[in-house]
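Note sheet for the following structure.
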Amino acid sequence: MIRTDDKHNTCKAINELTQMQIDRARKRLESRTYNVFDINDRSAIEDRCDIIKTVSPALSWSGLNVENDAVLLAEKRQEAFNRVL
Numbered sequence: 005m006i007r008t009d010d011k012h013n014t015c016k017a018i019n020e021l022t023q024m025q026i027d028r029a030r031k032r033l034e035s036r037t038y039n040v041f042d043i044n045d046r047s048a049i050e051d052r053c054d055i056i057k058t059v060s061p062a063l064s065w066s067g068l069n070v071e072n073d074a075v076l077l078a079e080k081r082q083e084a085f086n087r088v089l
């Protein structure tokens with residue numbers, strides 16, 4: 005069972021993003037909405053979302069026991085495709 009404090013800390017960490025993460029998210033939003041946001045729009049969005057800029061990512065895959073080896077994942081995907089096809 006996850007304690008309420010732990011949930012709060014995890015949710016709070018989601019708003020802590022690096023500039024690179026913010027830029028990638030904005031580019032995805034722009035491509036999906038066919039909009040281009042100027043610097044004022046970007047700042048307003050960040051403010052409304054309570055985004056906190058950090059130097060290093062608050063969230064990471066470490067400790068989650070999630071496979072992240074691209075070659076191994078590609079091999080597993082190909083094996084699944086071969087079973088289906």
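Under the numbering used here, think of the first position of the sequence shown as 5, with each following residue one higher. We treat Cβ as the ideally placed atom computed from N, Cα and C, and that holds for glycine.
Integer Cβ distance of residue i from residue j, believed to fall under 8 Å
i: I26; j: I55; result: 7 Å
Same chain, Cβ closer than 7 Å to residue i, neighbours up to 5 away in sequence not counted
i: L77; result: E71
i: R46; result: R30
i: N69; result: none
Beta-carbon proximity of residue i to residue j, cut-off 7 Å
i: A48; j: E20; result: no
Secondary structure of residue i, DSSP reduced to three states
i: E20; result: strand
i: I56; result: strand
i: N72; result: coil
i: D42; result: coil
i: L63; result: coil
i: L89; result: coil
C-alpha gap between residue i and residue j, whole angstroms
i: T22; j: V75; result: 27 Å
i: R32; j: C53; result: 16 Å
i: I43; j: E50; result: 11 Å
i: F41; j: E34; result: 7 Å
i: K80; j: L89; result: 14 Å
i: E83; j: D73; result: 15 Å
i: G67; j: T58; result: 21 Å
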